[in-house]
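Numbering (the numbering used here), first residue to last: 27 to 195.
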């Protein structure tokens with residue numbers, strides 16, 4: 027696991043987890059808080075041989091994910107939802123966001139970083155944000171036959187639901 031910590035003047039208020047849904051134990055990481063499933067929402071950089079063995083922390087992979095149609099809107103909408111939840115929680119309680127894709131190395135990593143940085147910037151550093159990449163160091167998964175893709179556009183909120191956290195140059 028690799029972690030990005032964005033320190034704040036106060037306590038850490040949000041923990042964002044990126045996961046690869048096809049890895050053993052991934053379901054156990056989806057619990058309380060928000061859940062964002064990107065498997066059918068964004069282009070998979072792993073389909074590009076030049077990006078396959080890299081991660082969403084690499085600048086060009088990060089840019090590729092964010093250039094996917096609808097990605098910036100999903101990130102903006104998710105960041106707003108996360109901030110609203112933090113505002114509703116008593117001080118000292120964490121709000122969690124889990125961002126999932128197939129393997130947890132590309133899409134979920136880039137989007138988790140983008141949401142975390144957006145939220146942290148909106149708070150002007152008042153609260154800390156931790157971004158945990160649970161499967162970033164796992165082996166690249168084998169190619170699987172794809173289901174027909176359902177792209178999530180800016181007007182849809184199907185990819186985000188409520189349940190019971192830096193790119194390299």
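Just so it is clear, CB atoms sit at the ideal spot from N, CA and C, and this is done for glycine as well.
Keep in mind it's a predicted model, so treat the numbers as computed, not measured.
Between residue 162 and residue 139, the alpha-carbon positions lie close to 13 angstroms from each other.
When 27, 151 and 57 are compared, the shortest CA-CA separation from residue 37 is found for 151.
For residue 142, the three-state secondary structure derived from DSSP is helix. Annotation for residue 115: 121 place their beta carbon closer than 7 angstroms to its own, counting only its chain and skipping 5 residues before and after. Its chain contains 144 as the residues whose beta carbon lies nearer than 8 angstroms to that of residue 102, once the 5 sequence neighbours on both sides are disregarded; these appear in chain order. Closest in alpha carbon position to residue 105, among 75, 50, 29 and 40, is 40. CA-to-CA, the gap between residue 56 and residue 64 works out to about 14 angstroms.
With a threshold of 16 other beta carbon atoms within 10 Å, residue 53 falls short and is exposed. When secondary structure is reduced to three states using DSSP, residue 159 falls in the strand class.
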